[in-house]
Amino acid sequence: MARSVFRFLSRQSESVELAGEAHFLRLPRYQDYRQWSALRSESRRFLEPWEPTWRGDELSESAFRARVTRNEQEYASGQAVPLLLFSRSDNVLLGGLTVGYIRRGAAQCCMIGYWMGERHAGKGHMFAALKLVIPYIFSSLQLHRIEAACIPDNTRSIRLLEKAGFRREGYLREYLKINGEWRDHVMYSLLAADARPGPQTSVMQTDAAG
Numbered sequence: 001m002a003r004s005v006f007r008f009l010s011r012q013s014e015s016v017e018l019a020g021e022a023h024f025l026r027l028p029r030y031q032d033y034r035q036w037s038a039l040r041s042e043s044r045r046f047l048e049p050w051e052p053t054w055r056g057d058e059l060s061e062s063a064f065r066a067r068v069t070r071n072e073q074e075y076a077s078g079q080a081v082p083l084l085l086f087s088r089s090d091n092v093l094l095g096g097l098t099v100g101y102i103r104r105g106a107a108q109c110c111m112i113g114y115w116m117g118e119r120h121a122g123k124g125h126m127f128a129a130l131k132l133v134i135p136y137i138f139s140s141l142q143l144h145r146i147e148a149a150c151i152p153d154n155t156r157s158i159r160l161l162e163k164a165g166f167r168r169e170g171y172l173r174e175y176l177k178i179n180g181e182w183r184d185h186v187m188y189s190l191l192a193a194d195a196r197p198g199p200q201t202s203v204m205q206t207d208a209a210g
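Per the UniProt record's numbering, numbering through the sequence shown is continuous, rising by one, with the last residue being 210.
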């Protein structure tokens with residue numbers, strides 16, 4: 001079994017890749033624009049009910065390039081780890097998962113959010129992504145707690161979180177403005193002590209330009 005290497009370096013010149021048998025996650029790159037825009041565009045009706053209102057230029061190349069630059073800055077500063085999820089066999093983009101709102105000090109906590117292209121949904125891809133990301137959060141980022149909030153009628157997301165071991169903690173009234181409306185959310189959490197040993201995860205640091 002290959003040895004896992006976990007590191008988190010707050011340097012913009014480096015990136016991170018999480019690799020499993022069938023999937024890998026990495027920071028977005030400018031050259032991902034065509035796949036990203038095509039998948040988001042064809043999945044718009046599927047995604048909009050669960051996301052903040054899309055801007056008029058949401059799918060433009062300039063907006064995507066600004067997003068990539070912001071993602072690199074957030075990663076370099078240790079604020080977030082925004083990742084895209086790919087199929088390892090053919091490099092097809094499947095969706096995305098962000099480790100965000102990273103808090104240090106007494107909290108040692110983060111919030112995760114995710115999205116999946118409609119044609120890839122319900123096939124276990126995001127569960128596989130969580131099985132890669134959770135060990136990374138606890139072992140590499142050395143955080144104590146992962147939080148996730150979802151709309152109460154998003155049964156697909158609730159099933160995913162519970163399958164991954166997250167526990168329901170509470171009900172948040174009008175927590176986030178989603179698709180133009182303030183929506184209630186259910187809060188889930190996973191602690192480092194809750195996490196079961198998962199499959200071996202390879203974490204590689206690579207040059208961001210590569």
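The C-beta atom is built at its ideal place from N, Cα and C for all residues, glycine as well. Because the structure is a prediction, the values reported are computed rather than measured.
| Query | Result |
| --- | --- |
| P52 and N154 closer than 9 Å at C-beta | no |
| Same chain, Cβ closer than 7 Å to F24, neighbours up to 5 away in sequence not counted | E17, L18, F86 and R88 |
| Within the region 59-140, ranges of the beta strand (DSSP E) (whole runs, at least 3 residues) | 81-87, 93-103 and 109-116 |
| The region 103-117 contacting the region 139-148, beta-carbon criterion three pairs below 8 Å | yes |
| Euclidean distance between Cα positions of Y171 and A192 | 22 Å |
| Where the alpha helix (DSSP H) through Y175 begins and ends | Unbroken run through Y175 is the beta strand (DSSP E), R167 to I178; no alpha helix (DSSP H). |
| Reduced DSSP category for E17 - H, G, I as helix; E, B as strand; rest coil | strand |
| Rounded distance between the beta-carbons of L94 and D32, thought under 8 Å | So it is not a contact: roughly 12 Å between Cβ atoms. |
| First and last residue of the uninterrupted alpha helix (DSSP H) at E147 | First-last for E147: R145 to C150, but that is the beta strand (DSSP E), not the alpha helix (DSSP H). |
| Exposed unless 16 or more other CB atoms sit within 10 angstroms - verdict on S157 | buried |
| DSSP beta-bridge partners of F24 | A19 and F86 |
| Of the listed residues E74, S139, M116 and D90, nearest to A129 (C-alpha basis) | M116 |
| Straight-line Cα distance separating P49 from F64 | 21 Å |
| Sheet register partners of E181 (DSSP bridge) | I178 |
| Euclidean distance between Cα positions of residue 233 and P135 | This structure cannot settle anything about residue 233, because the visible part of the chain is limited to 1 through 210. |
| Residues that DSSP places opposite S189 in a beta bridge | E147 and R167 |
| Sequence-distant residues of its chain with Cβ nearer than 7 Å to S43 (five each side left out) | G117 and E118 |
| Residue from R159, N91 and A22 whose Cα sits closest to the Cα of R34 | N91 |
| T69 classed as buried or exposed, judged by whether at least 16 other C-beta atoms fall within 10 angstroms | exposed |
| Endpoints, the alpha helix (DSSP H) within which A195 is located | Note, A195: premise wrong, no alpha helix (DSSP H); not H, not E. |
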